[in-house]
Amino acid sequence: MSWDFCSPSKNSFGNICEPRRTQSVKQEEAVPEAKTMNASLASTKQPAGQGKRGGVGIVCCHEDLSGALRVIACVKGSPAERSKKIFPGMALVKIDEEPVEGKSMERIGILMGGTIGSSVRLTLLQPDKHPVSVTLQRAPC
Numbered sequence: 001m002s003w004d005f006c007s008p009s010k011n012s013f014g015n016i017c018e019p020r021r022t023q024s025v026k027q028e029e030a031v032p033e034a035k036t037m038n039a040s041l042a043s044t045k046q047p048a049g050q051g052k053r054g055g056v057g058i059v060c061c062h063e064d065l066s067g068a069l070r071v072i073a074c075v076k077g078s079p080a081e082r083s084k085k086i087f088p089g090m091a092l093v094k095i096d097e098e099p100v101e102g103k104s105m106e107r108i109g110i111l112m113g114g115t116i117g118s119s120v121r122l123t124l125l126q127p128d129k130h131p132v133s134v135t136l137q138r139a140p141c
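If you want it as structure tokens, here you go:
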């Protein structure tokens, strides 16, 4: 199982919420500790009796001042990258019509992840505040 986002500290990665020039990265580059983090969380995040969980391949972080959840990258080859509608700098505001404001990263992970092959609808704001809705099919990560 793999998570679609991270919440790294500025001390580790610098000002990671600034939009990047590239729109996709390999997961290992975006989240260096992903394998360790995923292994430790996998057993607690897999609901009993459900199929294998997947995700959509979005790397996000909370901005310090606004509290917005910003996309910083799409994992190369992920459903998010293939959609060609999700880019660094966009703010994630809803997951399946549930607002993300005030939610913990753990809760957001539960909402974003799901059974491989199932769909999730994301609502994002472009930097000019124009809303974009995208429905993605979860894939293995």
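For the sequence shown, position 46 matches number 46 in UniProt numbering, and the numbering has no gaps at all.
Cβ atoms here follow ideal geometry from the backbone N, Cα and C, with glycine treated the same way.
Predicted, not measured: the structure shown is a model, and the values here were computed from it.
- Inter-residue distance for Val134 and Ser104 is about 22 Å (C-alpha atoms, whole angstroms).
- Counting only the Cα atoms, Val59 lies some 11 Å from Gly109.
- A Cβ-Cβ contact shorter than 9 Å links Ala139 with Ser78.
- DSSP places Ile86 outside both helix and strand once states are collapsed to three, so it counts as coil.
- In the displayed model, Ala80 falls within a helix according to three-state DSSP.
- Taking a 10 Å sphere around the C-beta of Pro88, we find 16 or more other C-beta atoms and assign the residue as buried.
- Secondary structure note for Arg121: its beta strand (DSSP E) is the uninterrupted segment Ser119 to Leu125.
- When DSSP states are grouped into helix, strand and coil, Ile108 belongs to the helix group.
- Contact annotation: Lys94 and Arg70 have beta-carbon atoms that are not nearer than 9 Å.
- In this structure, the CA atom of Cys74 is about 23 Å from the CA atom of Leu65.
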